[in-house]
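Oh and the sequence shown: position 174 is 178 in our numbering, straight run, nothing missing. We treat Cβ as the ideally placed atom computed from N, Cα and C, and that holds for glycine.
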Amino acid sequence: MLENLTQQPPDALLALIKLYDADTRADKIDLGVGVYRTDDGATPVFAAIKAAERKLVEEQDSKAYLGPEGDMGFVHALMPYIFGSDPTMGGRIEGMQTPGGTGAVRLALALAKRSGVGTVWMGTPSWPNHAQILKDLDMPLQGFNHAGADGTADMDALRAALKQAAKGDAVLLHGCCHNPTGIDYTDAQWDEIAALLAETGVLPILDLAYQGLGMGMEADAYGVRKVLASVPEALIAYSCDKNFGLYRDRVGAVYAMAADAGQVDAILSNGHTLARAAWSMPPDHGAAAVRLILRDPAFTQMWLDELDDMRARMRQVRDRLGAAGKVGTLDLTPCGTQNGLFSMLALTPEQILKLREDHGVYMAGSGRINIAGLTMGNIEKFIAALAAVTA
Ligand code: LMR
């Protein structure tokens with residue numbers, strides 16, 4: 005039977021890591037996979053995580069199974085950061101731990117499917133794994149344009165999509181730091197989106213994978229909170245892989261907001277069943293470290309300060325890109341006001357290849373760049389390379 009399986013292409017983004025590693029040029033620039041880097045190009049473990057890990061080693065007295073829901077102390081400790089001062093909305097929100105943000109998106113979509121959701125609407129381009137997960141779950145996807153020509157969100161396309169969506173459809177939205185474009189909705193746009201969702205009854209599925217990397221922990225939650233305050237029910241996929249720097253530890257959570265507190269247990273029981281059949285239970289270590297951080301005010305402050313530093317550095321890079329303005333055929337101005345780890349440049353596949361081969365600049369085939377791959381040491385070389393390939 006196994007001969008029926010045909011060769012699949014490697015994941016393009018993950019393959020780029022290998023290509024970059026094999027390049028021997030000292031001044032190569034990695035703008036590929038979305039990991040934060042310091043101005044020295046490193047992705048260090050947060051000091052707050054190190055401190056929490058030390059405490060965990062001292063305190064943890066068992067590694068016995070926790071169950072498909074994972075570490076509920078972790079799940080609950082995050083909630084005020086995501087949902088605000090009434091984090092359960094009167095008992096209507098509950099969650100469970102997942103293996104990373106991908107596990108959270110997977111589980112949110114599987115729950116949507118189980119509850120009878122038909123088509124999932126999604127702004128494109130989007131994180132390529134979104135479409136891949138939908139395909140694997142055999143859920144129909146309807147795309148609409150996300151990025152307007154001026155580097156801000158195409159609200160007309162979103163309005164039209166939500167008007168066209170049928171009852172029982174869902175819409176998958178990035179809570180902040182849109183991947184791959186960096187184009188977030190403004191607060192006023194979220195107000196309108198929330199009202200449209202309330203009017204149309206389309207189920208919101210909100211992917212919040214970069215909270216704190218855009219404008220700040222509170223500001224980045226504006227859209228999620230606004231939508232949840234306006235609609236009866238929603239699903240939220242959350243990742244701590246970026247904002248706690250826990251990438252390979254795979255730390256995420258999925259939350260459901262039910263129309264009625266009495267429905268929450270039944271919804272979560274479906275999440276538990278789906279998780280049990282897929283991965284049984286999530287890995288513990290990273291989530292336990294996050295729980296220790298969030299339960300200790302000194303650790304929490306240490307983590308928030310580190311997050312502030314990351315955001316400030318990315319703003320510095322964005323300021324420089326924005327100030328570069330027109331570079332060849334490109335306009336870098338919108339990069340200056342976009343959010344999070346990514347922006348997307350209007351480059352052709354040939355130009356992207358030329359950047360890699362002639363200049364040692366590695367970026368996703370979509371033209372997405374990881375802003376944190378740029379430093380004060382390499383940004384001028386990058387801008388010059390862009391000028392050379394787009395001249
Ligand atoms: C990215 O988009 O670079 C990250 O979310 C990593 C991943 O899993 O694709």
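ask   = Beta carbon of Ala151, beta carbon of Ile187: below 8 angstroms?
value = Yes, these two residues count as a Cβ contact at 8 angstroms.
inquiry  = Am I right that Leu138 and Leu113 are in contact with their C-beta atoms under 8 angstroms? What's the rounded C-beta distance?
reply    = The pair is a contact, with the Cβ atoms about 6 angstroms apart (cut-off 8 angstroms).
query = Does the beta carbon of Gly38 fall short of 7 angstroms from some heavy atom of the ligand LMR?
reply = Gly38 Cβ: within cutoff of the ligand LMR.
key: Cβ contact check for the stretch 311-328 and the stretch 92-110: 3 or more pairs under 8 angstroms   = Contact between the stretch 311-328 and the stretch 92-110 is absent, with fewer than three C-beta pairs closer than 8 angstroms.
task = For Leu390, I'd like the list of residues in its chain whose CB is within less than 7 angstroms of its CB, leaving aside the five on either flank, ordered along the chain.
result = Answer for Leu390: Val331, Gly332 and Leu334, listed in chain order.
ask   = Which ranges would you report for the beta strand (DSSP E) in the stretch 25-78 if only whole runs of at least 3 residues count?
value = Runs found: 33-35.
query = So does the stretch 120-136 actually touch the stretch 237-245, counting three or more Cβ pairs closer than 8 angstroms?
reply = Counting Cβ pairs under 8 angstroms, fewer than three are found: no touch.
ask   = Do you know how far the Cα of Asp34 is from the Cα of Met380?
value = Rounded to whole angstroms, Met380 and Asp34 show a C-alpha spacing of 14 angstroms.
ask   = Excluding sequence positions up to five away, which residues of its chain have a Cβ less than 8 angstroms from the Cβ of Gly95?
value = Annotation for Gly95: Ala265 and Val268 place their beta carbon closer than 8 angstroms to its own, counting only its chain and skipping 5 residues before and after.
key: Test item: CB-CB of Pro184 and Met348 under 8 angstroms   = The answer is yes: Cβ separation under 8 angstroms.
Distance cut-off 7 angstroms: Asn183 Cβ against heavy atoms of the ligand LMR = Asn183: yes, Cβ under 7 angstroms from the ligand LMR.
Which of helix, strand or coil DSSP assigns to Asp309 = Three-state result, Asp309: helix.
message = Considering just the uninterrupted stretch of the alpha helix (DSSP H) at Pro353, what are its terminal residues?
response = Unbroken alpha helix (DSSP H) run through Pro353: Pro353 to His363.
message = Between the alpha carbons of Ala233 and Leu278, how many angstroms are there, rounded?
response = In this structure, the alpha-carbon of Ala233 lies about 28 angstroms from that of Leu278.
Straight-line gap, Gly340 to Asp154 (C-alpha atoms, nearest Å) = Their Cα atoms are separated by approximately 13 angstroms.
task = Take the Cβ of Asp362 as the centre, count every other Cβ of all protein chains shown within 10 Å, and call the residue buried at 16 or more, exposed below.
result = Label assigned to Asp362: exposed.
request  = List in chain order: all unbroken alpha helix (DSSP H) runs of 4+ residues lying wholly within the stretch 189-218.
outcome  = If we require 4 residues or more, the alpha helix (DSSP H) runs fully inside the stretch 189-218 come out as 191-204.
request  = Would you give the residue range spanned by the alpha helix (DSSP H) that Pro132 belongs to?
outcome  = From DSSP, the alpha helix (DSSP H) with Pro132 extends over Pro132 to Asp140.
inquiry  = Any heavy atom of the ligand LMR closer than 7 angstroms to the beta-carbon of Leu17?
reply    = Distances between the C-beta of Leu17 and the heavy atoms of the ligand LMR include at least one below 7 angstroms.
ask   = With respect to 7 angstroms, is the separation between the Cβ of Asn247 and the closest non-hydrogen atom of the ligand LMR below this value?
value = Outside the cutoff, so no.
request  = Starting from Glu384, trace the alpha helix (DSSP H) both ways and give me its first and last residue.
outcome  = Here the alpha helix (DSSP H) through Glu384 covers Ile383 to Thr394.
query = If you draw a straight line from the C-alpha of Asp15 to the C-alpha of Asp211, how long is it?
reply = Rounded to the nearest whole angstrom, the CA to CA distance from Asp15 to Asp211 is 21 angstroms.
request  = List the DSSP bridge partners of Arg372.
outcome  = Beta-bridge pairing links Arg372 to Met348.
request  = Determine the contact status of Gly88 and Ala225, defining contact as a CB-CB distance below 8 angstroms.
outcome  = Their beta carbons are under 8 angstroms apart, which means Gly88 touches Ala225 by this criterion.
Status (buried if at least 16 other CB within 10 Å, exposed otherwise) for Tyr69 = Tyr69 is exposed by the Cβ-count criterion.
key: Inside the stretch 101-165 only - alpha helix (DSSP H) runs reaching at least 4 residues   = Fully enclosed alpha helix (DSSP H) runs of 4 or longer: 104-118 and 132-140.
message = Using a 10 Å radius around the Cβ and a threshold of 16 neighbouring Cβ atoms, would you call Val61 buried or exposed?
response = The residue in question, Val61, is exposed, as its Cβ has fewer than 16 Cβ neighbours within 10 Å.
query = Going by DSSP, which residues form a beta bridge with Glu7?
reply = Beta-bridge partners assigned by DSSP to Glu7: none are found.
key: Supposed close pair Ile356, Gly371 - CB separation, criterion 8 angstroms   = The Cβ separation is near 6 angstroms, so the contact holds.
key: One or two residues paired with Gly256 in a DSSP bridge   = Bridge partners of Gly256: Thr102 and Ser243.
query = Looking at the structure shown, is His80 part of a helix, part of a strand, or coil, going by DSSP?
reply = Residue state, collapsed to three classes: helix.
inquiry  = Using only CA atoms, which one of Asp31, Ile53, Ala52 and Ala51 lies nearest to Asp44?
reply    = Looking at Asp31, Ile53, Ala52 and Ala51, the one whose alpha-carbon comes closest to that of Asp44 is Asp31.
inquiry  = Under 8 angstroms: do the stretch 112-132 and the stretch 198-218 share three or more Cβ pairs, one atom per stretch?
reply    = Contact check between the stretch 112-132 and the stretch 198-218: three or more CB pairs, one atom from each, fall below 8 angstroms, which counts as touching.
task = Report the option in Val79, Cys180 and Gly99 whose CA atom is closest to the CA atom of Ile297.
result = When each option's Cα is compared against that of Ile297, the closest is Val79.
query = Span of the alpha helix (DSSP H) holding His178?
reply = Careful: His178 lies outside any alpha helix (DSSP H), inside the beta strand (DSSP E) at Ala174 to His178.
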